[in-house]
Amino acid sequence: MTAYFTVYGYDAAAEAITLNKSLVVPRKDISKAAYMETFPLSQGKTPALEGPDAKITETIAIAHFLSKLNPKSHLLGYDGTLTHEALVLSYASFANQELLQTLSRWFLPLIPGFTDPPPYIYDAVEAGKKASLVLLDKLEGVLDGVEWLVGESPTLVDIFVAVVLSRGLQWVLGRQWREAHPAAMAHFESVRSWKPVKEVIPEFTLIEVEPPNVQPTKVVSGMN
Ligand SMILES: N[C@@H](CCC(=O)N[C@@H](CS)C(=O)NCC(=O)O)C(=O)O
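The following block contains the structure:
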């Protein structure tokens, strides 16, 4: 593979594809303005991918593109059927548009240290928490008794779901929640110990105790 791609955002890797990385952290105002010029429809949200003849935004499109570019890892389903590919896209959309958006209504307003924090509204965080706990219980039911979400081997969506869950585990889902959700945690452990994932994210941070619903401190731009 000779083509050269740049991923804008945080860590990224794709087997046998050369990926240059360009750090963009929108809520800490790191490279946001230049990023928005290059990707006007991104609204300053990462990731984006730039290649020899393409500029692609939206996580699902990027992951789909990279999976097809090098199909050796079978990230769209081992048997290559249209059904498995559709199921992979379905779970990817669920993880990205539903699970992440719901969870982030809970954890995002509680994260300290942003220069451009989202609005903090006590009742909105409570509502986000309630909706998150209901949705996560449904996920626990789906993961109960299955090792991987689509077919008998890991796919893109196992990574999607585990990485979205990891954001919850990092900020709001403490030990008590983890012990009450053994299926979701077993799936998370399978993904985090899967070699290609471990190489990109060697350690995940898991909080012990759920934080209280209080407004975090804001960092003034240029002071950190
Ligand atoms: N629709 C976009 C949303 C991406 C998104 O929300 N990215 C987050 C980081 S994971 C972000 O950049 N957030 C910054 C912000 O909300 O201002 C996608 O699916 O890629």
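FYI, the numbering for the sequence shown is 1 to 224, going by UniProt numbering. Ideal Cβ placement from N, Cα and C applies to all residues, glycine included. Nothing here was measured: the structure is a model prediction, and the numbers come from that model.
Taking a C-beta distance under 8 angstroms as the contact criterion, residue 8 and residue 46 qualify as a contact pair.
The C-beta distance from residue 216 to residue 119 rounds to 12 angstroms, too long to meet the 8 angstroms contact threshold.
With 16 or more neighbouring CB atoms inside 10 Å of its own CB, residue 105 falls in the buried class. Annotation for residue 22: the continuous beta strand (DSSP E) segment containing it runs 18 to 23. Here residue 55 is bridged, per DSSP, to 50. Of the heavy atoms belonging to ligand 1, none sits nearer than 7 angstroms to the Cβ of residue 80. The beta-carbon distance between residue 74 and residue 153, rounded to whole angstroms, is 7 angstroms. This is short enough to meet the 8 angstroms contact definition. Taking a cut-off of 8 angstroms on C-beta distances, the region 25 to 43 touches the region 115 to 132, as three or more cross pairs fall below it.
Scanning the UniProt domain "GST C-terminal" (81 to 213) from its first residue to its last, the whole alpha helix (DSSP H) runs of 4-plus residues come out as 82 to 93, 100 to 107, 122 to 143, 156 to 171, 175 to 180, 182 to 192 and 195 to 200.
Within the chosen limit of 7 angstroms, ligand 1 does not reach the beta carbon of residue 50 with any heavy atom. Taking a cut-off of 8 angstroms for Cβ pairs, the region 92 to 106 and the region 123 to 141 touch, as three or more such pairs fall below it.
Taking a cut-off of 8 angstroms on C-beta distances, the region 66 to 80 touches the region 149 to 167, as three or more cross pairs fall below it.
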